[in-house]
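Residue numbers (this note's numbering): 132 to 496.
Beta carbons are placed, not taken as given, at the ideal position from N, Cα and C, and that holds for glycine.
The model shown is predicted, which means the values in this text are computed figures rather than measured ones.
Before any comments, here is the structure.
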Amino acid sequence: MGLKIKEILEKEAFTRENIISLLECAGEDRTLLFKKSAEIKEKYIGNKVWFRGLIEFSNICSKDCLYCGIRKGNTNLTRYNLSDEEILTAAKFAHDNHYGSIALQSGELESPFVTNRIGKLLHRIKELSDGELGVTLSVGEQEPDVYKRWYNAGAHRYLLRVESTNQSLYSKIHPNDSKHDFHRRLNCLKSLQDIGYQTGTGVMIGLPFQTMDDLAGDLMFMKEFNIDMCGMGPYIEHADTPLIEYSEILMPLKERFDLTLKMIAIIRIMMRDINIVAATALQAIDPIGREKAVKIGANILMPNITPGKYRDSYKLYDNKPCTDDSVEDCQSCLEARVSLADAEVIYGEWGDSKHYKKRLNKKRI
Ligand code: 5AD
Ligand code: FES
Numbered sequence: 132m133g134l135k136i137k138e139i140l141e142k143e144a145f146t147r148e149n150i151i152s153l154l155e156c157a158g159e160d161r162t163l164l165f166k167k168s169a170e171i172k173e174k175y176i177g178n179k180v181w182f183r184g185l186i187e188f189s190n191i192c193s194k195d196c197l198y199c200g201i202r203k204g205n206t207n208l209t210r211y212n213l214s215d216e217e218i219l220t221a222a223k224f225a226h227d228n229h230y231g232s233i234a235l236q237s238g239e240l241e242s243p244f245v246t247n248r249i250g251k252l253l254h255r256i257k258e259l260s261d262g263e264l265g266v267t268l269s270v271g272e273q274e275p276d277v278y279k280r281w282y283n284a285g286a287h288r289y290l291l292r293v294e295s296t297n298q299s300l301y302s303k304i305h306p307n308d309s310k311h312d313f314h315r316r317l318n319c320l321k322s323l324q325d326i327g328y329q330t331g332t333g334v335m336i337g338l339p340f341q342t343m344d345d346l347a348g349d350l351m352f353m354k355e356f357n358i359d360m361c362g363m364g365p366y367i368e369h370a371d372t373p374l375i376e377y378s379e380i381l382m383p384l385k386e387r388f389d390l391t392l393k394m395i396a397i398i399r400i401m402m403r404d405i406n407i408v409a410a411t412a413l414q415a416i417d418p419i420g421r422e423k424a425v426k427i428g429a430n431i432l433m434p435n436i437t438p439g440k441y442r443d444s445y446k447l448y449d450n451k452p453c454t455d456d457s458v459e460d461c462q463s464c465l466e467a468r469v470s471l472a473d474a475e476v477i478y479g480e481w482g483d484s485k486h487y488k489k490r491l492n493k494k495r496i
């Protein structure tokens with residue numbers, strides 16, 4: 132007979148079995164889980180939310196992940212690449228509106244051109260904001276030298292989702308070739324951390340073939356790796372991808388949504404002071420999905436500030452919300468939404484992961 136949920140929630144550390152029980156809990160137990168994670172957020176972070184203005188600057192990708200709408204093999208979309216001026220205008224918008232940070236995201240490309248381009252953009256973003264705007268990069272796997280160069284140019288956070296920490300599941304959702312190598316992805320995360328980035332990772336939830344044991348393993352990996360930021364979202368099938376073939380074995384969208392909330396709640400309890408993103412994919416399932424995530428543990432929102440005309444082309448999954456909103460609409464809409472979750476948007480601060488600062492202090496001692 133396993134422990135009751137109430138007993139598990141009182142423990143200092145969770146075992147794999149404890150995490151599985153939490154992922155499977157329902158009814159009053161589920162309420163207890165969310166109550167606990169909300170309390171921890173309130174205590175260690177406060178009822179606060181920081182914005183990262185998201186600029187999806189290009190949907191050109193050299194990889195072919197079997198789940199992703201912008202995979203190289205999908206010819207059913209228009210490819211775009213924002214001009215430097217368009218990126219800088221979006222960054223300026225974020226700065227003028229007192230967002231503490233922006234996140235630059237794109238498909239994965241490795242080339243000297245990309246390395247130089249991002250390096251130059253980082254300098255110009257720092258310049259236009261007097262060094263005030265924090266920059267998160269999310270442009271995939273790169274060589275350590277490249278990460279280092281961008282770090283020196285002013286990027287200080289990096290998001291690289293591992294997608295799944297179970298190698299066998301990873302190989303079912305990616306082509307099995309050297310471009311999609313599980314170990315390289317892990318090595319990239321390690322170099323990011325070693326270089327000094329605030330390092331973020333995450334997984335998709337509700338993938339075909341994924342088990343509760345896999346998800347428990349994902350959370351244990353994040354704790355063990357000592358990540359600073361976490362971005363997890365439900366898997367949402369995209370019609371123009373190979374994984375669509377497995378739609379019938381997926382759990383219903385509502386369950387994927389609920390499981391994502393539980394994953395967020397559990398990681399908040401396990402790693403009290405990290406930054407946790409309320410992923411946009413949550414809102415593709417539930418109109419107030421991100422707000423629900425904020426209530427039970429998330430503290431970061433990423434308003435999309437990509438110029439409107441390109442948004443329709445950055446569809447990683449079907450039903451992506453807000454692709455036709457203007458930038459300003461997105462902001463006021465989000466602000467109203469955050470207050471619905473009894474939280475407050477903090478402007479003019481980077482909103483760094485407290486966990487990162489503590490981790491650095493420990494390293495120095
Ligand atoms: N459903 C949900 N999330 C997806 N991503 C890519 N494709 C999908 C999908 N079909 C996520 C991946 C990637 C991030 C940018 O978007 O986790 O790391
Ligand atoms: Fe672009 Fe996976 S398809 S990184």
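Per DSSP, residue i forms a beta bridge with which residues?
i    : result
G364 : M335
W181 : I431 and I477
V408 : G362 and I431
N212 : S189
Where do the N-terminal and C-terminal ends of the alpha helix (DSSP H) with residue i fall, by residue?
i    : result
W281 : P275 to N283
G265 : Counting along the chain, G265 falls outside any alpha helix (DSSP H), though it belongs to the beta strand (DSSP E) covering G265 to S269.
F352 : M343 to F356
A221 : D215 to D227
Y289 : Not the alpha helix (DSSP H): Y289 falls in the beta strand (DSSP E), residues R288 to L290.
S152 : R147 to E155
A424 : G420 to K426
I400 : L384 to M401
G439 : G439 to R442
K167 : G158 to Y175
Do residue i and residue j have their CB atoms nearer than 8 Å?
i    : j    : result
I150 : D404 : no
L213 : P434 : no
K426 : D417 : no
G428 : S168 : yes
S232 : T267 : yes
E217 : P438 : yes
Check for me: the beta strand (DSSP E) holding residue i runs from which residue to which?
i    : result
N247 : No beta strand (DSSP E) contains N247, which is instead part of the alpha helix (DSSP H) from P243 to L259.
S232 : S232 to S237
Write down the C-beta distance between residue i and residue j rounded to the nearest angstrom, noting that I regard them as a contact closer than 8 Å.
i    : j    : result
I419 : I407 : Incorrect: roughly 17 Å between the Cβ atoms, too far for contact.
T330 : D359 : 6 Å
I201 : Y441 : About 12 Å separates the two Cβ atoms, so there is no contact after all.
S260 : H226 : 4 Å
A412 : G364 : 4 Å
I136 : L153 : 7 Å
Y211 : L374 : Not quite, the Cβ-Cβ distance comes to about 24 Å (not below 8 Å), so this is no contact.
E466 : W181 : The Cβ separation is near 13 Å, so there is no contact.
Which one of the options has the shortest CA to CA distance from residue i?
i    : options                   : result
L252 : G482, G133 and Y282       : Y282
G204 : G439, D371, S295 and Y478 : D371
G333 : Q341, F352, F340 and V277 : F352
R288 : S484, K489, K310 and P452 : S484
A284 : P365, K257 and L491       : K257
K310 : V245, L390 and C196       : C196
K279 : Y301, C319 and E480       : C319
V476 : K488, Y487 and S463       : S463
S269 : I380, F340 and G238       : G238
G348 : R147, L491, H229 and L317 : R147
Y487 : K451, A472, M402 and P438 : M402
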